[in-house]
Amino acid sequence: MTTPAPTAGRGTAAHTTGPRGSDASGGPGGSRASGDSGGSALDDRLDAAVHAVEAPHVVFAASVGGRRAIRSGGTAPPPAVERARLRYEAGSASKPYTGLLLAALTLDGTVGRGTPALACLAPGAAVPDAPVTLLHLVTHTSRLPALPRDFYRQALPRWSTNPFAGYPAAHVVDAFVRRETARTGRRVRRRPGTRWHYSNFGVSVLGHALAAATRTPWETLLHERILAPLALGGTALTPAPPPDFSDAGPARAGDAADAVGHRADGVTPVPPLRIGGFAPAGGVRTTPADALTFLEAHLHPERTPLAEALHAVRAPLLRRGLGHRHTHTLTWFQHPTEHGPAYFHCGATSGQQTFLGFCPGTDVAVAAHTTRRYHRTDPFLPTAYTLLLGPDPLS
Numbered sequence: 120m121t122t123p124a125p126t127a128g129r130g131t132a133a134h135t136t137g138p139r140g141s142d143a144s145g146g147p148g149g150s151r152a153s154g155d156s157g158g159s160a161l162d163d164r165l166d167a168a169v170h171a172v173e174a175p176h177v178v179f180a181a182s183v184g185g186r187r188a189i190r191s192g193g194t195a196p197p198p199a200v201e202r203a204r205l206r207y208e209a210g211s212a213s214k215p216y217t218g219l220l221l222a223a224l225t226l227d228g229t230v231g232r233g234t235p236a237l238a239c240l241a242p243g244a245a246v247p248d249a250p251v252t253l254l255h256l257v258t259h260t261s262r263l264p265a266l267p268r269d270f271y272r273q274a275l276p277r278w279s280t281n282p283f284a285g286y287p288a289a290h291v292v293d294a295f296v297r298r299e300t301a302r303t304g305r306r307v308r309r310r311p312g313t314r315w316h317y318s319n320f321g322v323s324v325l326g327h328a329l330a331a332a333t334r335t336p337w338e339t340l341l342h343e344r345i346l347a348p349l350a351l352g353g354t355a356l357t358p359a360p361p362p363d364f365s366d367a368g369p370a371r372a373g374d375a376a377d378a379v380g381h382r383a384d385g386v387t388p389v390p391p392l393r394i395g396g397f398a399p400a401g402g403v404r405t406t407p408a409d410a411l412t413f414l415e416a417h418l419h420p421e422r423t424p425l426a427e428a429l430h431a432v433r434a435p436l437l438r439r440g441l442g443h444r445h446t447h448t449l450t451w452f453q454h455p456t457e458h459g460p461a462y463f464h465c466g467a468t469s470g471q472q473t474f475l476g477f478c479p480g481t482d483v484a485v486a487a488h489t490t491r492r493y494h495r496t497d498p499f500l501p502t503a504y505t506l507l508l509g510p511d512p513l514s
């Protein structure tokens, strides 16, 4: 059973801008209650979303036709650095960054979608007759489990805080190489590419395969090929120094500040995520503004230096589920709307949640963050999803 989060001190801060680069509100930092006169309809929708979620820190951000609004609030006292400027753990919403990197490296000929991952990670090793390819890894059709078999024993003692910290990249690569080489020369019973099964293990292997193929450390590779070209200066893969677990202020690292996550009770703080060897699947930390910039790049690829790759990750690749109603691209979940397809991905860590989504037909992007672990009656994801794909979506 979860303990309701305290409600004292709940507020909503405003940060509304016009097209990227202009400031229509005199700058961030003002606050008002949801529904005050003078606010736009977009502000009011985001205010309502913030107030629907009980968590220490909540941020809902949207870009509609190039106009941005970022609204924040929460049950905790306002932190030293305003909520809209903090970095939040993206969890599995990191996977679109990895998928975009694969698209970019495929287009420039560095790798192919059909490249066997084993050829990148263990050059010279005998490749199975039906190898796991980079495409299988990114689309969750590799037949790999969610996590390596030997992961759980070391993770259990810190399952509610940092289960990934003790499993470095070398372990991830080793687990895959052992599994893949064991298939060599054997009859293939479970052929990769024939079944969808969500796998953090698989996407992590993908990232390490790309790093090996380019002979570049993962963090450097993602920064040079994705974060820097898209001007995502507020996005990182490593946490700030550990906080004192006080809601009075976040952890600080130079000009960066990380939000502090909380358990499902909405009260107990948890340490920053240490992702170990699973960074390609869940290591991104981003600000709401940077998350919008990333999504706006998908809305208007032609305005970026990664236009071809951004178009590539929007193309549908596979369908699954009953009646094949669920569509997936190289890296996004895709759902139909009356305005055309909408794309989204969500993620969760031990103490935070993130939602990223965009709809080209309405020129809308939604990014949302909360510092409370998922709980049984959690309205966070349905609230974010409704803004993008509900009966009355933003437009």
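Numbering-wise (my numbering), the sequence shown opens with residue 120 and increments by one. Think of the CB as a built atom: it goes at the ideal place given N, C-alpha and C, for glycine as much as any other residue.
Next item on the list: Whole angstroms is fine: what's the gap from Arg444's alpha carbon to Arg438's?
Entry: Working through the sequence shown from its first residue, we reach residue 444 at position 325. Working through the sequence shown from its first residue, we reach residue 438 at position 319. If you take the alpha carbons of Arg444 and Arg438, they lie about 7 Å apart.
Notebook entry, point to check: Can you give the Cα-Cα distance for Arg404 and Ala249, rounded to whole angstroms?
Noted result: Counting from one through the sequence shown, the residue named residue 404 turns up at place 285. Counting from one through the sequence shown, the residue named residue 249 turns up at place 130. Using only the alpha carbons, I get a separation of about 35 Å.
Note to self: Which same chain residues end up closer than 6 Å to Ile189 when comparing Cβ atoms and leaving out the 5 residues on each side of it in sequence?
What the structure shows: Stepping through the sequence shown from its first residue, residue 189 is reached at position 70. Only His134, Ala180, Ala203 and Pro407 meet the Cβ criterion.
Notebook entry, point to check: Tell me the DSSP bridge mates of Gly466?
Noted result: Reading the sequence shown from its first residue, position 347 is the one you call residue 466. In DSSP, Gly466 forms a bridge with Thr473.
Notebook entry, point to check: Helix, strand or coil: which one does DSSP assign to His170?
Noted result: Here residue 170 corresponds to residue number 51 of the sequence shown, with the count starting at 1. The DSSP-derived three-state label of His170 is helix.
Checklist line | Chain-order list of residues whose beta-carbon lies under 8 Å from that of Gly233 (same chain, five-residue window excluded) | finding: As a first step, residue 233 must be located in the sequence shown, where it is residue number 114. Thr252, Leu253 and Leu254.
Check: According to the neighbour-count rule (16 or more other Cβ atoms, all chains shown, within 10 Å of its Cβ), is Asp515 buried or exposed?
Finding: Residue 515 cannot be examined here, being either before or after the span of the chain that is shown, 120 to 514.
Item checked: Proximity winner among Glu173, Leu425 and Pro247, relative to Gly218 (alpha-carbon distances) -> If you number the sequence shown from 1, residue 218 lands on position 99. Nearest of Glu173, Leu425 and Pro247 to Gly218, Cα basis: Leu425.
Item checked: DSSP-derived helix/strand/coil call for Thr225 -> Position 106 of the sequence shown holds residue 225. Residue state, collapsed to three classes: helix.
Note to self: On the DSSP letters alone, give me the boundaries of the alpha helix (DSSP H) that Arg298 sits inside.
What the structure shows: Your numbering for residue 298 matches position 179 in the sequence shown. Bounds of the alpha helix (DSSP H) holding Arg298 are Ala288 to Ala301.
Check: Of the residues Arg433, Gly401, Ala428 and Thr423, which one's Cα is nearest the Cα of Gly466?
Finding: Taking the sequence shown and counting its residues from 1, the one referred to as residue 466 is at position 347. Nearest in C-alpha terms to Gly466, of all of Arg433, Gly401, Ala428 and Thr423, is Gly401.
Item checked: Identified DSSP bridge partners for Arg404 -> In the sequence shown, residue 404 corresponds to position 285, counting from 1. Partner(s): Glu208 and Ala355.
Note to self: Let me confirm a value: Asp497 is counted as buried when at least 16 other C-beta atoms fall within 10 Å, else exposed. Which label applies?
What the structure shows: Locating residue 497 in the sequence shown gives position 378, counting from the first residue. Classification of Asp497: buried, given that the 10 Å Cβ count is 16 or more.
Next item on the list: Check whether the Cβ atoms of His488 and Val178 sit closer than 7 Å, and answer yes or no.
Entry: Working through the sequence shown from its first residue, we reach residue 488 at position 369. Working through the sequence shown from its first residue, we reach residue 178 at position 59. Against a cut-off of 7 Å, the Cβ pair of Val178 and His488 comes out as a contact.
Notebook entry, point to check: Do the stretch 259–278 and the stretch 304–319 make contact, defined as three or more Cβ pairs closer than 8 Å?
Noted result: Using a Cβ-Cβ distance cut-off of 8 Å, the stretch 259–278 and the stretch 304–319 are in contact, since at least three pairs of beta carbons, one from each stretch, lie closer than that value.
Next item on the list: Report yes if the C-beta distance between Ala212 and Leu475 is below 7 Å; otherwise report no.
Entry: Reading the sequence shown from its first residue, position 93 is the one you call residue 212. Reading the sequence shown from its first residue, position 356 is the one you call residue 475. A contact, by the Cβ cut-off of 7 Å.
Notebook entry, point to check: Going by the beta-carbon positions, is the gap between Ala376 and Leu205 smaller than 7 Å?
Noted result: Here the question's residue 376 lines up with position 257 in the sequence shown. Here the question's residue 205 lines up with position 86 in the sequence shown. The answer is yes: Cβ separation under 7 Å.
Margin query: I'd like the span of the beta strand (DSSP E) that includes Ala484, first residue to last.
Written below: Position 365 of the sequence shown holds residue 484. Run containing Ala484: Val483 to Thr489, per the beta strand (DSSP E) assignment.
Notebook entry, point to check: DSSP state of Leu254, grouped into three classes?
Noted result: Along the sequence shown, read from residue 1 onward, the residue named residue 254 stands at position 135. Shown here, Leu254 sits in a helix according to DSSP, grouped into three states.
Item checked: Exposure of Trp337, with buried meaning 16 or more beta-carbon neighbours within 10 Å -> Here residue 337 is taken as the residue at index 218 of the sequence shown, counted from 1. With 16 or more Cβ atoms within 10 Å of its Cβ, Trp337 is classed as buried.
Note to self: Does Pro512 come out as helix, strand or coil in the three-state DSSP assignment?
What the structure shows: Numbered from its first residue, the sequence shown carries residue 512 at position 393. Three-state DSSP puts Pro512 in coil, outside helix and strand.
Next item on the list: Just the C-alpha distance for Ala383 and Thr412, rounded to the nearest angstrom, thanks.
Entry: Taking the first residue of the sequence shown as 1, we reach residue 383 at position 264. Taking the first residue of the sequence shown as 1, we reach residue 412 at position 293. Pairing Ala383 with Thr412, the inter-Cα distance amounts to about 29 Å.
Next item on the list: Measure the C-alpha to C-alpha separation of Val292 and Leu500 and round it to an integer number of angstroms.
Entry: On the sequence shown, position 173 is the one that residue 292 refers to. On the sequence shown, position 381 is the one that residue 500 refers to. Their backbone Cα atoms lie some 32 Å apart in a straight line.
Next item on the list: For chain C, find out if any of its Cβ atoms is closer than 7 Å to the Cβ of Thr387; answer yes or no.
Entry: Protein chains in the displayed structure number just one, and chain C is not present.
Notebook entry, point to check: Where does Arg438 sit, in a helix, a strand or coil, going by DSSP?
Noted result: Reading the sequence shown from its first residue, position 319 is the one you call residue 438. Correct three-state label for Arg438: strand.
Note to self: Suppose contacts are defined by Cβ-Cβ distances below 7 Å. Is Pro215 in contact with His419 by that definition?
What the structure shows: As a first step, residue 215 is located in the sequence shown; it is residue number 96 there, counting from the start. As a first step, residue 419 is located in the sequence shown; it is residue number 300 there, counting from the start. For Pro215 and His419, no; Cβs fall outside 7 Å.
Item checked: Sequence-distant residues of its chain with Cβ nearer than 8 Å to Leu325 (five each side left out) -> Here the question's residue 325 lines up with position 206 in the sequence shown. Here the set comprises Thr217, Leu221, Ala236, Leu253, Leu256, Val257 and Pro399.
Notebook entry, point to check: Do you know offhand how far Pro267's Cα is from Arg309's?
Noted result: On the sequence shown, position 148 is the one that residue 267 refers to. On the sequence shown, position 190 is the one that residue 309 refers to. Straight across, the Cα-Cα distance linking Pro267 with Arg309 is about 17 Å.
Next item on the list: Note down, in chain order, each residue of its chain lying with its Cβ closer than 8 Å to the Cβ of Asp409, except the 5 sequence neighbours on either side.
Entry: By one-based count along the sequence shown, residue 409 stands at place 290. Counting only Cβ-Cβ distances below 8 Å, and skipping sequence neighbours, we find Leu351, Gly352, Gly353 and Thr354.
Check: If we ignore side chains and look at the alpha-carbon of each, how far apart do Ala486 and Arg186 end up?
Finding: On the sequence shown, position 367 is the one that residue 486 refers to. On the sequence shown, position 67 is the one that residue 186 refers to. Ala486 and Arg186 have their alpha carbons spaced roughly 14 Å apart.
Next item on the list: Mind checking who Gly348 pairs with in its DSSP beta bridge?
Entry: Along the sequence shown, one-based indexing puts residue 348 at 229. The question names Gly, but residue 348 in the sequence shown is Pro. Beta-bridge pairing links Pro348 to no other residue.
Notebook entry, point to check: At which residues does the beta strand (DSSP E) containing Thr333 begin and terminate?
Noted result: Counting from 1 along the sequence shown, the entry for residue 333 is found at position 214. For Thr333, there is no enclosing beta strand (DSSP E); the residue is found in the alpha helix (DSSP H) stretching over Asn319 to Thr333.
Next item on the list: Specify the secondary structure class of Ala274 as computed by DSSP and reduced to three states.
Entry: As a working mapping, residue 274 is identified with position 155 in the sequence shown. Of the three classes helix, strand and coil, the one that applies to Ala274 here is helix, per DSSP.
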